[in-house]
Amino acid sequence: MSEEADETEETETTGVQDGDFVRVAYTARTTEGDQLVDTTDEEVAEEEGVADQGEFEPRVITLGEQHLFPTVEEDIEGKEPGESGSVTVSAENAFGEYDESEVRTVSADKIPEDSMRPGAQVDIDGEQGYLETIVGGRARVDFNHPLAGESVEYEYELLDEVEDTLERAEGLFGMFLDVDLEMRLEEEEVEETSVEEPDDEDGEPETVTETVEKTSLYIESTPQLAMNQQWMFQKQQIGGQVIDQTEIDRIVIEEVIDGSGMGMGGMMGGMGGMGMGGGEEGADIEEALEDADIDADELAAEIEE
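Following the numbering used here, the numbering of the sequence shown begins with 630 at its first residue and continues without gaps.
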């Protein structure tokens, strides 16, 4: 192979690559209207009046896993920590082109009473949409994404490459759930049981137990985690992604009961009378529901179904 070919190959593999964990800071806005789409900058969030909607700090992502739009991740690839960039994601590759056929008329009976106002987000037979108008017994609902048809510009800085396994896991959970969690890694021996088929056709399957070394990620459960909607309905998928993208073998969720506020105090001790929301524990649960943006009545209805 010629020296020129060697130099070309070396150039192509410099900087961060597909599969690398990186920490990035960015702000994304629509190219028309300069509407904020997403940011990791707390100052920007405060200026836009959205600072109370979550944590705003640089995020850990895995390149190639579409944690950001593929166009953005492809632009980051090849860069070195400390470098910045700007890239525009077309409407087609962002939230999709605006589709007039996705504006549909449905029965007004499907609109909840507290959502009968223009712009309200509604769920119609499992589809999310935005109410445009209600006339008589018919409602006009736009099922396009609110940013459909908008190109989005990302300005970003590649801060560093993340090598530590625990830091990678913390970054992924933070991105998926937007909650702060206490977690630790432990190398431990775990017993695993498997069934071995016999060599002889007439033989019986044999149960074999062996001790193997595992890297376990321990996460302390909190009310915020327990009530997090993403975690409630997608814990297997989220856990699976973390395991697939790191050197972690298994995830263990620990529930800690330390006895505080657990006194019986009579027949209904600690329960706040007939209700379940009394005392500090009830306040914790209510706060967790608010942080997770979950309506308690809707949650109860879903459980009953």
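From the three backbone atoms N, C-alpha and C, an ideal C-beta is built for every residue, glycine too.
A buried status is given to GLY758, since no fewer than 16 other beta-carbon atoms sit within 10 Å of its beta-carbon.
Residue environment for GLN865: exposed (fewer than 16 other C-beta atoms within 10 angstroms of its C-beta).
Note that the C-beta distance between THR691 and PHE650 is below 9 Å. Here ALA749 carries a coil assignment [DSSP, helix/strand/coil]. Between PRO747 and THR734, the C-beta gap is not smaller than 9 Å, which leaves the two residues out of contact. Distance from the CA of GLU661 to the CA of ASN773, rounded to the nearest whole angstrom, comes to 18 Å. Judged by DSSP secondary structure, MET812 falls outside any alpha helix (DSSP H) and instead within the beta strand (DSSP E) spanning 812-825. If you draw a 10 Å sphere on the C-beta of LEU795, you find fewer than 16 other C-beta atoms in it, and that means exposed. Between the C-alpha atoms of SER823 and GLU833 there is a straight-line separation of about 14 Å. If you ignore the 5 residues before and after PHE685, its C-beta comes within less than 7 Å of the C-beta of THR668, THR669, ASP670, GLU671 and ALA674, all in its own chain and listed in chain order. The three-state reading of DSSP puts THR794 in helix, counting H, G and I together.
Contact between GLU825 and GLU835 holds: CB atoms are separated by about 5 Å, below the 8 Å threshold.
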